[in-house]
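Notes follow the structure.
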Amino acid sequence: MTVRQMTSKLMTEDDVVEHLESGMTIGIGGWGARRKPMSIVRAILRSDLTDLTLATYGGPDVGMLCASGKVSKLISAFVTLDSIPLEPHYRNARQSGAVHERPMDEGMFLLALQAAAWRVPFLPTRVGLGSDLFRDDPELQTVTDPYGGEELVAVPALHLDAALVHLNRADERGNAAFLGPDLYFDDLLLEAAADGYVSCERLLTTDELAEAPLHTMRTNRMFVSGVVHAPNGAHPTSCAPDHDVDTGFLSTYAGTAKDPDAWADFRSTYLAGTETHYQEAVSR
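In the numbering used here, the protein residues as written are 85 to 368.
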């Protein structure tokens, strides 16, 4: 076995799905309509996986998976397409009761991931005190500060079975860098997960990747089980500076939430075939 064979973690999207199981809690990186690992999401849509719990700052990933009957529970602070404030397929799933949601404030979601990444059972915060979060999440508890006696919210660690993220650059070993304005907590998702999978716009050698600015190198191979080379893999979400969000495509997608036949046609055109078929369809 060569050194490269021992260190390379290259996979396809379908390889990643083979490592996932129904009933898993899966964290998805990105934020709204920004830098989502959509090529892996599309592979999940083609699979027989079901009964998934998603943990994410949600976008079209959540909507498509909900509309396809893949999701039983959602842990999230929001689900948005950015240009469309509330993701419409997610709205349908919530209003129909098809998906159970554990609501969290954005900061609480971050602390839940951080607690899991640090391997502590919870982290304290003032966020949520006096809010309806305690009404909507009966498992949420408070803790007393042992030093000053203040009552604080105890945000439980959010342990993930798997995390899926999309970054601008990566090497075969699982090191990766973001080049856009924000990491969107992808590093915490990977550190909070038993297995992490990174898709990337461009695959580089480790020496080439090392030339990226140091602050962008937040993804360490220790937390990555597989790497997928997926040019345009975040489409239709943005992946700055490689490409912008495809608002026209998202608008078309959002419109299918009002018509089951339109959704069926959309799935047949864009989501039923391989990732190659998808990329060919959106480039026409």
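Think of the CB as a built atom: it goes at the ideal place given N, C-alpha and C, for glycine as much as any other residue.
With contacts defined by Cβ atoms closer than 8 Å, Asp271 and Thr303 form a contacting pair. The C-beta distance from Leu244 to Thr109 rounds to 5 Å, short enough to meet the 8 Å contact threshold. The alpha-carbon separation between Val146 and Gly153 amounts to approximately 11 Å.
A residue is called buried when at least 16 other Cβ atoms come within 10 angstroms of its Cβ; Ala278 does not meet this threshold and is exposed. In the DSSP assignment, the residues bridged to Thr137 are Thr109, Lys157. Under the three-state reduction of DSSP output, Pro344 falls in the helix class.
In the DSSP assignment, Arg175 forms no beta bridge with any residue. Nearest Cα to Leu149 within the set Leu355, Leu288, Ser367, Gly191: Leu355. For the pair of segments examined, the stretch 345 to 359 was found to touch the stretch 115 to 130: the number of CB pairs separated by less than 8 Å reaches three.
When rounded, the separation of the alpha-carbon atoms in Thr228 and Leu207 is 12 Å.
The stretch 208 to 226 makes no contact with the stretch 252 to 268; the number of CB pairs closer than 8 Å stays below 3. Note that the stretch 328 to 340 touches the stretch 163 to 172; at least 3 beta-carbon pairs, one per stretch, sit closer than 8 Å.
In the DSSP annotation of this structure, Thr300 is not part of any beta strand (DSSP E), being labelled neither H nor E. Considered as a whole, the stretch 180 to 250 harbours 190 to 202, 217 to 220 as its complete alpha helix (DSSP H) runs of no fewer than 4 residues, in chain order.
Within the same chain, Leu251, Asn252, Thr300 come within 6 Å of Phe262 by CB-CB distance, once the 5 residues on both sides are set aside. With distances taken between CA atoms, Phe333 lies nearest to Ser367 out of Pro315, Arg305, Ser367, Cys323. Straight-line measurement puts the Cα of Asn259 at about 21 Å from the Cα of Arg118.
Burial check for Ala247: the Cβ neighbour count within 10 Å reaches 16 or more, so the residue is buried. When the five nearest sequence neighbours on each side are left out, the beta carbons in the same chain lying within less than 7 Å of the beta carbon of Gly191 are those of Thr209, Val211, in order along the chain.
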